[in-house]
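I have placed the structure first, in the form of structure tokens, so that the comments after it can refer back to it.
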Amino acid sequence: MHALKITIKLFIALLILILISGSLGGYFIWRHFSQNLPDVQELKEVKFQTPLRIFSADGKLIAEYGEQRRTPIEYDQIPEHMIQAILAAEDSRFFDHFGVDLKGLARAGFQLISGSDVQTGGSTITMQVAKNFFLTPARTLERKFTEILLSLRIEKELTKHEIMELYVNKIYLGQRAYGVQAAANIYYGKDISELTLAQIATIAGLPKAPSAANPVSNPRRSVERRNWILGRMLALGYINDQEYEQAIVEPEIARYHTSDIELSAFYVAEMVRAEMFKLFGEDAYLDGYSVTTTIDSELQAAADQALRKGIRAYGERHGYHGPEAKITIQDTDSEQELSRKLREFSTFADLQPALVIQVGERNATVLLRNNEKAELSWDSLKWARKHINVNSLGPVPSKASDILAVGDVVRVIHKEDNNLEFSQLPRVQGAVVALEADTGAVKALSGGYSFAMNNFNRATQAYRQPGSTFKPFLYAAAIDGSYTAATVVNDAPIVIEDVSLQGEWRPENSSRDFSGPTRLREALYRSKNLVSIRLMRDIGVQYARDKIVEFGFEPDRTPANLSLSLGSSDATPLQLTSAYAVFANGGYKIEPYFIKTIHNENNPVHLPEHSGNAFKDTNLALNIRDREELRIIQASTAYILSDILKDVIRRGTGRSALSLNRPDLAGKTGTTNSQRDVWFSGFNRDIVATAWIGFDQPAPLGRREFGGTAALPIWIDFMQTVAKYYPVKEFERPSDVRTVSVDPNTGLLAYPGQSNAIPELFRQGSEPTRQANSPEARQQGSVIESIFDY
Numbered sequence: 001m002h003a004l005k006i007t008i009k010l011f012i013a014l015l016i017l018i019l020i021s022g023s024l025g026g027y028f029i030w031r032h033f034s035q036n037l038p039d040v041q042e043l044k045e046v047k048f049q050t051p052l053r054i055f056s057a058d059g060k061l062i063a064e065y066g067e068q069r070r071t072p073i074e075y076d077q078i079p080e081h082m083i084q085a086i087l088a089a090e091d092s093r094f095f096d097h098f099g100v101d102l103k104g105l106a107r108a109g110f111q112l113i114s115g116s117d118v119q120t121g122g123s124t125i126t127m128q129v130a131k132n133f134f135l136t137p138a139r140t141l142e143r144k145f146t147e148i149l150l151s152l153r154i155e156k157e158l159t160k161h162e163i164m165e166l167y168v169n170k171i172y173l174g175q176r177a178y179g180v181q182a183a184a185n186i187y188y189g190k191d192i193s194e195l196t197l198a199q200i201a202t203i204a205g206l207p208k209a210p211s212a213a214n215p216v217s218n219p220r221r222s223v224e225r226r227n228w229i230l231g232r233m234l235a236l237g238y239i240n241d242q243e244y245e246q247a248i249v250e251p252e253i254a255r256y257h258t259s260d261i262e263l264s265a266f267y268v269a270e271m272v273r274a275e276m277f278k279l280f281g282e283d284a285y286l287d288g289y290s291v292t293t294t295i296d297s298e299l300q301a302a303a304d305q306a307l308r309k310g311i312r313a314y315g316e317r318h319g320y321h322g323p324e325a326k327i328t329i330q331d332t333d334s335e336q337e338l339s340r341k342l343r344e345f346s347t348f349a350d351l352q353p354a355l356v357i358q359v360g361e362r363n364a365t366v367l368l369r370n371n372e373k374a375e376l377s378w379d380s381l382k383w384a385r386k387h388i389n390v391n392s393l394g395p396v397p398s399k400a401s402d403i404l405a406v407g408d409v410v411r412v413i414h415k416e417d418n419n420l421e422f423s424q425l426p427r428v429q430g431a432v433v434a435l436e437a438d439t440g441a442v443k444a445l446s447g448g449y450s451f452a453m454n455n456f457n458r459a460t461q462a463y464r465q466p467g468s469t470f471k472p473f474l475y476a477a478a479i480d481g482s483y484t485a486a487t488v489v490n491d492a493p494i495v496i497e498d499v500s501l502q503g504e505w506r507p508e509n510s511s512r513d514f515s516g517p518t519r520l521r522e523a524l525y526r527s528k529n530l531v532s533i534r535l536m537r538d539i540g541v542q543y544a545r546d547k548i549v550e551f552g553f554e555p556d557r558t559p560a561n562l563s564l565s566l567g568s569s570d571a572t573p574l575q576l577t578s579a580y581a582v583f584a585n586g587g588y589k590i591e592p593y594f595i596k597t598i599h600n601e602n603n604p605v606h607l608p609e610h611s612g613n614a615f616k617d618t619n620l621a622l623n624i625r626d627r628e629e630l631r632i633i634q635a636s637t638a639y640i641l642s643d644i645l646k647d648v649i650r651r652g653t654g655r656s657a658l659s660l661n662r663p664d665l666a667g668k669t670g671t672t673n674s675q676r677d678v679w680f681s682g683f684n685r686d687i688v689a690t691a692w693i694g695f696d697q698p699a700p701l702g703r704r705e706f707g708g709t710a711a712l713p714i715w716i717d718f719m720q721t722v723a724k725y726y727p728v729k730e731f732e733r734p735s736d737v738r739t740v741s742v743d744p745n746t747g748l749l750a751y752p753g754q755s756n757a758i759p760e761l762f763r764q765g766s767e768p769t770r771q772a773n774s775p776e777a778r779q780q781g782s783v784i785e786s787i788f789d790y
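Note that the numbering used here has the sequence shown beginning at 1, numbered continuously upward.
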């Protein structure tokens, strides 16, 4: 008995020693790991990686940038069934345990030992939060112990609701979806509040196996997982029998939903992305910035459509360049196989690849990438004369085989009537820009036919010679001084010796004729080169150049020589459009901008003044007329120039624009040497727009291509949409502008009763003071007055 007592005492002592040693060991292990634990308080200020989203001014999504698609939501926004489904799938005792569920660990271990599928893991939701936010995915004992300690600390410092909110926003659910809201959008194209019970269970089943149980790539396995979760929800009392029975028979309709891009404006999107990266670096793609641009969705769509139509029209005028490629068609090739080969060719904007599989007398059958067959009619094909060069075409085709052959890869466009239009990839390119005259807000911008074809943004990056569209700035410099719209300058041959022009220069008018003494108004709307040259020489080259630079042109690209009078500088379509805004808004220089607001987690981001031209203080822009320091020409000069540029449309090279039936339109065509660039810049009181056409590598467009034939039709198509939203608004006439009758030949005051006198606009004090001679006076031998003398 005594020996037994001694044995018991030794056993108890040994047990106490083991407990003490274990406790001390556990304490030292806990102390070792706890010293290196991250600060759980970081979870209260966590920033989820959320993509950059870009919107039009009217709220349409233009683009989304970021590796992870995530839309964070708060706990109160999570549907009750979603919480219950997650509990059923991952951690049914979440609201009862202290971060570690011993029963759950035991159950997972039993399932593993018994060889059955482990449907519920041993990790609690809290442990998964610890792992997802702080730990690596490495499967080590040390990491598991750290995970448990972190979970205990998280439970101590955060509420259950906060932990659940972190979990549902962080978890990866396949297809680049992070968080349950993003998964609802990606798999079902819905907000999470709109999901059915079955869809909720599907998403709740994804954390364990986002690839294996993915409803898009593995719908059978996904349905099995979904139904198991629904069964768990029924067993736990979250749903009733009727809800369960309805949910398990619901067909799986998940498919991959891309971000619903509502407005195609890829050039604008890239401009915004680059600007945001410049401002915020890589955080621009991670911190959930939402950018609202100044772009109007209707005007943007109209700009894209007008530019593409104009580029295609140029291509049709210059003939068919032949098939894009050839595919050899074997008798054994199935249509599915041919469609697969066709998918190697990308779609660019509205230009889809098609394979010619049959050629009739006056039609052809093509196969599309979706394995559908369609017919090309003769009306669609007959334009396709062979392209020889920009000035020559082959014979007019008489049958489809003159154009196409079986195996040709060609381009087609789906028309609104579901018919196909035969086309080709463009060789020429172009740009359209439109902005508000008063603010500089860019309302539409298209930098080429297709961003996917070439992301070079011609609206902002293509520096080209503006040709005659540049002349109004020279005339503004003159009229802002001592010249008037009635001043007469001689339109006659001239030879210029100018060192900066490398010797002798003999400029000509595009029409190759001369009109003699010509009023400035007529010289501008008829685009007389020789008058422009003489005018610049008369007012002074340096003065003219300095005044022109004030319109916003880059000094280094604006030469101080007489060739500048004909538009020999380099400017982008956006710069030219901004400069024309000065005429429309009454004489004020504006800076174009395209970012209206930036928000981060619904809070506005205020940028410093030096942040760049992309972002402007909208209120400041709207108050332009209260800021005289922005004025670069007198209001009277802007008004008179606008009226002269109306004559370009009323009686000059822009007469095609009369089809718009708008009395408030003004503008100017431009064509450079050898027709390398063609332009039209025009405006009304509200909107200024420019259209440009040219090759990316400057080359002649063809001897019959001019601003009025290639660029102006694009501008007209675009302005048809502008007219729907901006009513006719005449330019405000300044109080110091006077209308005076003048003699059309001399620009002097009309003599009494002169039948051919014309009204002309003058700034008060600049009117001619001398009167033209009447025919009677000339017959009486009066002294002939100099047409240059006032």
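Note that beta-carbon positions come from the ideal geometry of N, C-alpha and C, so glycine has one too.
With distances taken from CA atoms, which of the options is nearest residue i?
{"i": "A544", "options": "N603, F470, Y588, S510", "result": "F470"}
{"i": "T672", "options": "L660, M127, F695", "result": "F695"}
{"i": "Q764", "options": "Y639, R685, T709, V722", "result": "Y639"}
{"i": "E591", "options": "N529, L701, D438, A349", "result": "D438"}
{"i": "R650", "options": "L524, I261, I54", "result": "L524"}
{"i": "Q634", "options": "D480, F266, S56", "result": "D480"}
{"i": "A349", "options": "A57, F451, R176, A434", "result": "F451"}
{"i": "S510", "options": "R521, E497, A492", "result": "A492"}
{"i": "I413", "options": "T347, Q720, N756, S681", "result": "T347"}
{"i": "P353", "options": "R362, E361, N371, V359", "result": "N371"}
{"i": "L393", "options": "A301, L351, S527, G322", "result": "G322"}
{"i": "P472", "options": "A400, Q336, Y580", "result": "Y580"}
{"i": "Q771", "options": "A750, Q754, L761", "result": "A750"}
Determine the contact status of residue i and residue j, defining contact as a CB-CB distance below 9 Å.
{"i": "L299", "j": "F718", "result": "yes"}
{"i": "Y475", "j": "L641", "result": "yes"}
{"i": "R69", "j": "N169", "result": "no"}
{"i": "L445", "j": "M233", "result": "no"}
{"i": "I239", "j": "Q429", "result": "no"}
{"i": "R655", "j": "V728", "result": "no"}
{"i": "G667", "j": "L645", "result": "yes"}
{"i": "L166", "j": "V100", "result": "no"}
{"i": "G66", "j": "L425", "result": "no"}
{"i": "Y320", "j": "E705", "result": "no"}
{"i": "H318", "j": "V390", "result": "yes"}
{"i": "K326", "j": "D191", "result": "no"}
{"i": "I851", "j": "E64", "result": "Examination of residue 851 is not possible in this model, given that the chain is present from 1 through 790 alone."}
{"i": "E442", "j": "I295", "result": "Going by the sequence as given, residue 442 is Val instead of Glu. Yes, these two residues count as a Cβ contact at 9 Å."}
Report the partner residues of residue i according to the DSSP bridge assignment.
{"i": "S741", "result": "P759"}
{"i": "Y289", "result": "N600"}
{"i": "Q771", "result": "L749"}
{"i": "F514", "result": "DSSP output for F514 lists no bridge partner at all."}
{"i": "Q358", "result": "T365"}
{"i": "R631", "result": "Y588"}
{"i": "H61", "result": "Rather than His, the amino acid found at residue 61 in this sequence is Leu. Note: L61 sits in a beta bridge opposite F55."}
{"i": "G552", "result": "DSSP output for G552 lists no bridge partner at all."}
{"i": "R464", "result": "A571"}
{"i": "A325", "result": "V409"}
{"i": "R519", "result": "V488"}
{"i": "A666", "result": "F683"}
{"i": "E504", "result": "E497"}
Spell out whether any CB of chain C is found under 9 Å from the CB atom of residue i.
{"i": "A183", "result": "Chain labels in this structure do not include chain C; a single protein chain is all it has."}
Identify every run of the alpha helix (DSSP H) within the region 410-442, keeping only runs that are complete inside it and at least 4 residues long; order them along the chain.
-> If one requires a minimum length of 4 residues, no alpha helix (DSSP H) run lies completely within the region 410-442.
At which residue ranges does the region 669-752 contain complete alpha helix (DSSP H) runs of 4 or more residues, listed in the order of the chain?
-> If we require 4 residues or more, the alpha helix (DSSP H) runs fully inside the region 669-752 come out as 712-725.
Taking 8 Å as the threshold, find out whether the region 529-538 comes into contact with the region 561-572 through three or more Cβ pairs.
-> The region 561-572 and the region 529-538 touch, with three or more beta-carbon pairs separated by less than 8 Å.
Uninterrupted beta strand (DSSP E) stretches inside the region 365-407 (no shorter than 3 residues) = Listed in chain order, the complete beta strand (DSSP E) runs (minimum 3 residues) inside the region 365-407 are 373-376, 387-389.
Kindly provide the ranges of any alpha helix (DSSP H) runs that are 4 or more residues long and lie completely inside the region 166-225, ordered along the chain.
-> Assignment of alpha helix (DSSP H) within the region 166-225, counting only whole runs of 4 or more residues, yields 180-188, 197-204 in chain order.
Tell me the start and end of each unbroken alpha helix (DSSP H) in the region 448-496 that is at least 4 residues and wholly inside, in chain order.
-> If we require 4 residues or more, the alpha helix (DSSP H) runs fully inside the region 448-496 come out as 458-461, 471-479.
Between the region 172-180 and the region 194-209, do three or more beta carbon pairs fall short of 8 Å?
-> With the cut-off at 8 Å, the region 172-180 and the region 194-209 touch.
Do the region 407-422 and the region 366-384 make contact, defined as three or more Cβ pairs closer than 8 Å?
-> With the rule of 3 Cβ pairs closer than 8 Å, the region 407-422 counts as touching the region 366-384.
If we count Cβ pairs, one from each stretch, closer than 8 Å, do we get three or more for the region 672-688 versus the region 578-585?
-> With three or more CB-CB distances shorter than 8 Å, the region 672-688 counts as touching the region 578-585.
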